[in-house]
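Scroll down for the structure; my scribbles are underneath it.
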Amino acid sequence: MFLRTAFVATAFALAAPAFAAPEDDLIGALGVPQMVQIMREEGQGYGADLGRDMLPGGSDAAWEAVVDRIYDTDAMLETVRAGFAEEIEGTDLDPLLDYFTSDAGARIVGLEISAREAMVSEDVEEAARDAYRMAAAEEDPSLEPLEALIEANDLVEANVVGALNASFAFYKGLADGGGLEMSEAEMLSDVWGQEDETRADTREWLFAYMMLAYGPLGEEALADYVALSETTEGQALNRALFAGFNDMYDKLSYALGLALSQQMQGQDL
């Protein structure tokens, strides 16, 4: 799982209903509920930063309560599930379920979740980025399978598009709440002005995250994962994950912008 905007109801999907649909089984095997919980933690930190930067009184208890309500894990997970299920409809899920419920697949999911959770810490993220910069400068061959994984799934571009769309949704929320006076054309111009910087930052983050997550894997296990991502089913899985998580981030970003605008104007939330 490679959403940065991403790289997660904790027990919600881990204890699946008795007759869960195959896509729900796959969501559980992929660790999506745990990843959503981690994304809530990331969002709480991001919300606090917004409050410090944009509210006259900073990030106070009232604003933190608003952010907590916005990052509702049940609602977040349901949004991801709906988008995922719609996008992956018609795909043969058996090869994906076979892999991600195997010991090898479960280990990879566990490593991805652990790495994403660790990178909530700014110190860990910066250390991971430093490790990537050093490896890139030395042209470390261990980066080659990671590059293959990124290219097979067009991960840089997909994450950049998701990030820019989420940024636009945030501006829309601010504007709709009366806290920003910009036309839609001006918003789009400002968002697209972030493209190059977002792309460079996203590429570095992806490599840093993957190095941290997949470092413990052997070459064969990583090669098998890359091979799966290149299959028709693997490509469909990637598209479905981005569909679900991008929907989630668009909703969260709009809600944050709207709430921030209202808070700036001293409205009751």
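Residue numbers -20 to -1, 1 to 249, in mature numbering (1 follows the signal peptide of the UniProt record, and there is no 0), belong to the letters of the sequence shown in order. For glycine and all other residues, C-beta sits at the position ideal for the given N, C-alpha and C.
By the Cβ neighbour-count rule, Q245 is exposed, with fewer than 16 other Cβ atoms within 10 Å of its own. The continuous alpha helix (DSSP H) containing Y79 extends over residues D74 to F80. I68 places its beta carbon 8 Å or farther from that of Q14.
Judged by DSSP secondary structure, Y51 falls outside any alpha helix (DSSP H); it is assigned neither H nor E. Remark: C-beta atoms of A201 and I50 do not approach each other more closely than 8 Å. A98 and E21 have their C-alpha atoms some 11 Å from each other. In the structure shown, the three-state DSSP call for E67 is helix. Shown here for E184: same chain residues with a beta carbon closer than 8 Å to its own, the five before and five after excluded, namely R109, Y112 and R113 in chain order. Per DSSP, G11 lies in no alpha helix (DSSP H) and is assigned neither H nor E.
Boundaries of the alpha helix (DSSP H) around D170: E164 to W172. Between the alpha carbons of Y79 and A203 lies a gap of roughly 13 Å.
For A207, the number of other beta carbons within 10 angstroms of its own is below 16, and it is reported as exposed. When C-beta atoms of the stretch 222 to 236 are compared with those of the stretch 137 to 149, three or more pairs fall below 8 Å, so the two segments count as touching. DSSP places E119 outside both helix and strand once states are collapsed to three, so it counts as coil. In the three-state DSSP reduction, N133 falls in the coil class, being neither helix nor strand. In the three-state scheme derived from DSSP, where H, G and I count as helix and E and B as strand, G38 is classed as coil. Between the alpha carbons of I7 and L197 lies a distance of about 22 Å.
Leaving aside the five residues that flank D230 on each side, the residues in its chain whose CB is nearer than 8 Å to its CB run, in chain order, N145, A146 and A149.
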